[in-house]
Structures are given as structure tokens and as C-alpha cells.
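Asker: Numbering that gives the first Met the number 0 puts the first residue of the sequence shown at 0, with every later residue one more than the last.
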Amino acid sequence: MPSIAILGASTNWVPAIVTDLQAVFEEPLEIRIIDTNRRAADLGAEWCEAATKRRERKDRVTATTHRREGLAGADAVVITLHVGGLDAMERDVKIPERYGIFATVGDTTGPSGWSRALRNLPVFRDFARDFQEVCPSAFIANYSNPLAALTAAIQLSCGNPGTGLCHSYFETKDFIQKLFGLADWRPISLALAGMNHFTWVVGFRIGKEDGYELLREKLAGRSLRALLDAEEMRARNIHAGSQLCAELYDATGYLPYPGDRHISEFVSFALAGNVERHTITLKDGESIEATRYCDIKRTSIEQRRAAMPSREARIRAQISGETPLPKKSRETGAEMIHAYIYNKPMTDAVNVLNQGQVPGLPPGACVETFGMVDGYGVRPVLVPDVPEPLLEIMRPQAICQKWLTEGVLKGDRELALQALWRDPQCAHLKPHAVRALARELAPGLFAY
Numbered sequence: 000m001p002s003i004a005i006l007g008a009s010t011n012w013v014p015a016i017v018t019d020l021q022a023v024f025e026e027p028l029e030i031r032i033i034d035t036n037r038r039a040a041d042l043g044a045e046w047c048e049a050a051t052k053r054r055e056r057k058d059r060v061t062a063t064t065h066r067r068e069g070l071a072g073a074d075a076v077v078i079t080l081h082v083g084g085l086d087a088m089e090r091d092v093k094i095p096e097r098y099g100i101f102a103t104v105g106d107t108t109g110p111s112g113w114s115r116a117l118r119n120l121p122v123f124r125d126f127a128r129d130f131q132e133v134c135p136s137a138f139i140a141n142y143s144n145p146l147a148a149l150t151a152a153i154q155l156s157c158g159n160p161g162t163g164l165c166h167s168y169f170e171t172k173d174f175i176q177k178l179f180g181l182a183d184w185r186p187i188s189l190a191l192a193g194m195n196h197f198t199w200v201v202g203f204r205i206g207k208e209d210g211y212e213l214l215r216e217k218l219a220g221r222s223l224r225a226l227l228d229a230e231e232m233r234a235r236n237i238h239a240g241s242q243l244c245a246e247l248y249d250a251t252g253y254l255p256y257p258g259d260r261h262i263s264e265f266v267s268f269a270l271a272g273n274v275e276r277h278t279i280t281l282k283d284g285e286s287i288e289a290t291r292y293c294d295i296k297r298t299s300i301e302q303r304r305a306a307m308p309s310r311e312a313r314i315r316a317q318i319s320g321e322t323p324l325p326k327k328s329r330e331t332g333a334e335m336i337h338a339y340i341y342n343k344p345m346t347d348a349v350n351v352l353n354q355g356q357v358p359g360l361p362p363g364a365c366v367e368t369f370g371m372v373d374g375y376g377v378r379p380v381l382v383p384d385v386p387e388p389l390l391e392i393m394r395p396q397a398i399c400q401k402w403l404t405e406g407v408l409k410g411d412r413e414l415a416l417q418a419l420w421r422d423p424q425c426a427h428l429k430p431h432a433v434r435a436l437a438r439e440l441a442p443g444l445f446a447y
């Protein structure tokens with residue numbers, strides 16, 4: 000009976016991950032829900048037991064607040080947590096705003112991502128030590144942000160196989176499918192390289208034809224914006240919008256990940272320097288704040304807090320049978336765990352330390368490419384021909400992520416501070432202002 004431990008009893012992630020595991024594994028599973036919050040762990044386990052019964056499975060479910068007990072002997076571990084909750088995230092987002100930096104998500108890069116990483120990295124280092132000691136052969140699947148920094152911390156601190164996982168690859172294929180009016184993904188093949196939330200399509204094909212040549216023919220000298228339905232992209236929902244993606248394509252000739260809310264946090268010109276903002280009304284009538292430039296939308300802390308009760312209500316309705324259980328998602332973490340446990344090779348987008356798979360980015364930084372997963376672990380695919388302009392736009396954040404992770408793991412605060420000073424979002428700030436920003440963020444960080 001394969002044993003899967005889930006670190007973090009998220010009301011969003013537990014149903015999604017367990018549904019995927021139950022869809023992929025025909026045999027019974029041992030599912031262990033681990034959370035420091037007893038109530039959350041018990042709720043997650045209650046949902047798993049209800050799903051197991053309604054799906055007529057024979058899975059064994061346990062809940063614990065004792066991490067090492069829950070991890071002992073596990074075949075795989077899925078991480079879905081972050082430290083500090085919304086109160087800490089509020090500081091991450093609102094303090095940098097006083098320095099002219101508008102965080103749209105605030106969980107990956109910039110001062111908000113820096114602060115979040117500093118708070119979480121020591122905890123993930125402790126996780127890794129436990130993995131090494133009590134489940135040294137377990138496959139580690141990390142979904143927590145900042146994904147690159149936290150995944151790097153795990154891989155630098157233990158010998159377990161594993162990867163960071165994100166859905167940006169699916170969204171990139173969705174975007175290409177929409178650009179070409181395709182019925183599905185089947186004609187699309189592509190080469191990816193970059194960092195989580197900032198990957199680039201180095202090359203792609205539609206069938207056997209060069210995708211970039213087809214795209215240039217389709218555009219006939221126009222901006223990529225010509226293929227976007229501006230109003231639909233602007234007003235559909237908070238996650239929609241690819242105007243910055245179009246701007247970057249027009250500038251480089253290559254497609255980045257089309258999620259503007261994330262890629263904007265990797266460049267110096269989209270969110271920093273007291274950008275002009277306005278209010279957008281979404282299809283559901285909700286009003287949100289966005290930048291004038293490219294309509295890059297923010298999820299406010301207030302909106303996140305307001306959503307929390309409905310998440311618990313949703314999971315309780317599924318437990319009672321009032322609403323149906325979720326269906327299999329597009330996430331591939333369950334498939335990767337299955338591939339590792341049973342040595343059945345598969346290829347997908349992976350986030351692992353750069354061992355030369357992206358030659359132009361710093362060795363040891365966590366990068367995203369395709370990789371093969373099997374019983375040996377994760378082996379990334381070489382992407383030897385990343386164009387220099389793309390490397391140069393990615394390199395600053397790759398170096399900052401590496402410095403930040405190493406600074407925390409080595410206890411070198413100056414190296415961690417260098418990562419903030421060199422961050423593209425801080426390019427408009429003088430060094431003394433960056434230090435002042437760090438001092439404001441730090442008191443909240445060291446409480447955890």
C-alpha cells in the first residue's frame with residue numbers, strides 16, 4: 000500500500016491532490032494529513048474518508064499534528080503550505096507599497112516574495128532534514144510558493160528525489176491553443192526554459208511546422224495584442240489577462256508564460272515606481288485594483304480573507320454529499336508520484352536545481368524545464384539554445400533567488416540582503432532605501 004503524506008491541510012489542495020491520487024492509483028493508498036492545526040488536519044482527513052467511501056475505495060486515512068510521525072516511511076510527500084497565513088502576507092504586500100512597489104500576487108519575487116521566502120525557508124530546511132532522516136527515499140512534490148526558492152532549499156538540504164510543481168505549463172499550452180484556434184493540445188509540442196512563473200517558450204511546433212514562423216505569418220507585422228480579445232481578457236476573471244505577455248513577445252519575439260499577474264513580478268518596469276492604477280469591474284461584478292499599464296490585476300488580502308469561509312463551507316458540503324466531489328485536475332503531481340513508485344517513465348515540466356540544463360542561467364539556481372520522472376527520480380532535459388535576450392531578462396531573478404536561498408541556509412544575512420537590493424522591482428530604490436525596506440519587513444519575519 001503506497002503511503003502518501005500531505006504536509007499542509009489546505010481546504011483547496013487536499014481535495015484536489017487526493018482526488019488526483021485516487022484517480023491515478025487503482026490500488027489502496029495510505030493517506031496521511033499533517034498539519035500543526037489539529038482542526039485543519041481532522042477536517043482534511045474527514046474529507047479524505049468521505050471521498051474514499053463515496054468512490055468505493057479502501058484507502059487508509061490518518062491525521063496528525065506530529066510531522067516526523069506522519070512522514071515516517073512515506074513513499075511520497077506533497078507540500079501545500081506556507082508559514083504565517085494572511086496576516087504575514089498582508090505585511091509582505093503592504094510594506095513594499097510604501098516604497099512604490101505594487102504587488103499583484105506577492106508570492107514569488109520582489110520584496111513581497113523575498114519576505115515570504117525568508118519566513119518559509121528555515122521551515123522548509125527543517126522539513127528536508129526530516130525527509131532525510133525518516134523517509135529518505137520519498138518523492139517530494141512541492142506546490143508552495145515561492146516555489147523556486149523553497150524547492151531549492153529542499154534539494155540543497157536532503158537527498159530525496161522530487162520537484163516543484165506548477166500549472167503554468169498547462170496555461171501556456173492553453174494560450175497557444177487559443178492563438179491558433181485549435182480544438183485541443185494534440186498538435187502542440189514545445190521547448191520550455193526559465194524559472195517558475197517566468198518560463199519562456201524557446202521553440203514550438205504546430206504539427207510538424209515551426210510555431211513561431213506560423214505565428215509571425217499570422218500576425219503579419221502586427222502586435223500579438225491583435226490576436227487577443229482585449230475586453231474578454233480584461234474582464235473575464237481575476238486571473239485573465241495577457242497584455243504584458245504580448246508586450247514581451249513584441250519586444251523579444253518569444254512567448255513567456257501568459258500569466259501577467261506572475262510574470263510582472265520578474266521585471267523592473269511593470270509594478271515598481273509608483274505605477275498608475277485603476278479599478279476594473281469583473282464579469283461577476285467584483286471590483287479589483289489593476290495597473291493602468293497592461294491591466295495587471297491584484298488579489299487583495301481582503302479578497303483572500305473573504306474567500307476563506309466559503310472554502311471551508313465547500314469542503315463540508317462535499318463531505319456531507321450536498322455537493323459532488325471534484326473531478327481529476329490537470330495537475331500531474333499524482334502521475335509523477337506513480338511514475339516514481341512504479342518506475343514508469345513520464346515527461347513533464349519540472350523545477351529542479353540547474354545542473355546545466357539551462358546553460359546560461361546560474362548553476363544551482365532552481366529552473367523550470369521538461370524532465371523525465373521514473374524510479375531513479377527526476378532528470379531534467381537540456382535546453383541548449385535559449386536566446387541571449389531571454390537569458391538576460393531571466394538572469395537577475397535567477398541570481399537573486401539563488402542568493403536568497405543560500406543566504407538563509409548559510410545564515411548569511413548580507414547575501415540575503417543583496418538578493419533584495421538586486422531584485423528588478425527594487426531598481427528604482429537607492430541602497431539605503433532597500434535596507435530600510437528590509438528592516439521594516441524583518442520584524443514580522445523573525446516571529447516565525
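Here a beta-carbon is modelled for each residue, glycine too, at the ideal position from N, C-alpha and C.
Measure the Cβ-Cβ separation of Ala271 and His427 and say whether it is below 8 Å.
Answerer: yes
Asker: Check whether the Cβ atoms of Val351 and Leu360 sit closer than 8 Å, and answer yes or no.
Answerer: no
Asker: Closer than 6 Å by C-beta to Leu120: which residues in its own chain qualify, once you throw out the five before and the five after it? Chain order, please.
Answerer: Ala152, Val407
Asker: With a threshold of 6 Å on Cβ separation, who are the neighbours of Thr290 within its own chain once the five nearest residues in sequence on each side are excluded?
Answerer: Correct list, in chain order: Val274, Arg276.
Asker: Considering only the alpha carbon of each residue, which of Pro27, Ser9, Asn11 lies closest to Ile3?
Answerer: The residue with the shortest Cα to Cα distance from Ile3 is Pro27.
Asker: Are the Cβ atoms of Gly332 and Val60 separated by less than 8 Å?
Answerer: no
Asker: Is Leu243 near Ala225, with beta carbons less than 8 Å apart?
Answerer: no
Asker: Run the CB neighbour count on Glu34, radius 10 Å, all protein chains shown included, and call it buried at 16 or more, exposed below.
Answerer: Here the sequence assigns Asp to residue 34, which means Glu is not the residue at that position. Buried: at least 16 other Cβ atoms inside 10 Å.
Asker: Can you check which of these residues, Lys409, Leu390, Pro1, Arg421, is closest to Phe197 by C-alpha distance?
Answerer: Leu390
Asker: Who are the Cβ neighbours of Ala127 in its own chain at under 6 Å, not counting the five residues just before and after it?
Answerer: Ile153, Ser156, Cys157
Asker: Could you round the C-beta distance between Ser9 and Leu80 to whole angstroms and report it? I think they count as a contact, below 8 Å.
Answerer: 7 Å
Asker: Are the CB atoms of Leu146 and Gly163 nearer to each other than 8 Å?
Answerer: Yes, Cβ-Cβ distance for Leu146 and Gly163 is below 8 Å.
Asker: Work out the CA separation of Leu85 and Leu381 for me, nearest whole Å.
Answerer: 38 Å
Asker: Which residue marks the beginning of the alpha helix (DSSP H) containing Glu45, and which one marks its end?
Answerer: Secondary structure note for Glu45: its alpha helix (DSSP H) is the uninterrupted segment 37-53.
Asker: Straight-line CA distance for Arg118 to Arg438?
Answerer: 14 Å
Asker: Can you tell me where the alpha helix (DSSP H) holding Ala333 begins and where it ends?
Answerer: 332-341
Asker: To the nearest angstrom, report how far apart Glu216 and Gly376 are at their CA atoms.
Answerer: 41 Å
Asker: Determine the direct distance from the alpha carbon of Arg297 to that of Gly220, and round the result to whole angstroms.
Answerer: 32 Å
Asker: Apart from the five residues just before and just after Ile175, which ones in its own chain have a Cβ nearer than 6 Å to its Cβ?
Answerer: Ile187
Asker: What three-state label does DSSP hand Ala62 in the structure shown?
Answerer: The three-state secondary structure of Ala62, taken from DSSP, is strand.
Asker: Going straight from the alpha carbon of Glu231 to that of Asp125, what length do you get?
Answerer: Low confidence applies to Glu231: its pLDDT is 49, below 50, so where it sits in the model is not reliable, and the reading given next is rough at best. Cα to Cα, Glu231 sits roughly 45 Å from Asp125.
Asker: Please go through the same chain and pick out, in chain order, the residues whose beta-carbon is closer than 6 Å to the beta-carbon of Gly210, but skip the five residues on each side of it.
Answerer: Phe203, Arg204
Asker: Can the beta-carbon of Leu453 be found closer than 8 Å to that of Asn159?
Answerer: Limits of the chain in this structure are 0 at one end and 447 at the other, which puts residue 453 out of reach.
Asker: Apply the 10 Å Cβ neighbour rule to Ala446 and answer buried if 16 or more other Cβ atoms are within range, or exposed otherwise.
Answerer: Here the model assigns Ala446 a pLDDT of 45, short of 50, so the residue's position is not dependable, and the following value carries that caveat. Looking at its Cβ environment, which holds fewer than 16 other Cβ atoms inside 10 Å, Ala446 is exposed.
Asker: Give a yes or no on whether the C-beta atoms belonging to Thr63 and Arg31 are separated by under 8 Å.
Answerer: yes
Asker: If we ignore side chains and look at the alpha-carbon of each, how far apart do Thr278 and Ile295 end up?
Answerer: 11 Å
Asker: Once you ignore the five residues that flank Asp58 on each side, which residues in its own chain have a CB closer than 8 Å to its CB?
Answerer: Gln21, Pro27, Leu28, Glu29, Ile30, Cys47, Thr51
Asker: Out of curiosity, what's the CA-to-CA distance linking Ser263 and Glu68?
Answerer: 41 Å
Asker: Less than 8 Å between the CB atoms is what I'm expecting for Asp368 and Ala192, so what's the real figure, rounded?
Answerer: In the sequence on display, residue 368 carries Thr and not Asp. Right, their Cβ atoms sit about 5 Å apart.
Asker: How long is the line joining the alpha carbons of Lys409 and Pro325, rounded to whole angstroms?
Answerer: 42 Å
Asker: Excluding sequence positions up to five away, which residues of its chain have a Cβ less than 7 Å from the Cβ of Val23?
Answerer: Ala333, Glu334, His337
Asker: When the Cα atoms are used, what is the spatial distance from Gly355 to Pro383?
Answerer: 9 Å
Asker: Output the residue ranges of the alpha helix (DSSP H) runs that lie fully inside the segment 67-106 and measure 4 residues or longer, sorted by chain position.
Answerer: 84-96
Asker: Considering only residues of the same chain and omitting the five flanking positions on each side of Asp373, which have a CB-CB separation below 8 Å?
Answerer: Ala338, Tyr339, Asn342, Lys343, Pro344, Met345
Asker: Rounded C-beta distance between Leu214 and Leu178? I'm assuming under 8 Å.
Answerer: 7 Å
Asker: Can you tell me where the beta strand (DSSP E) with Pro379 in it begins and where it stops?
Answerer: 376-379
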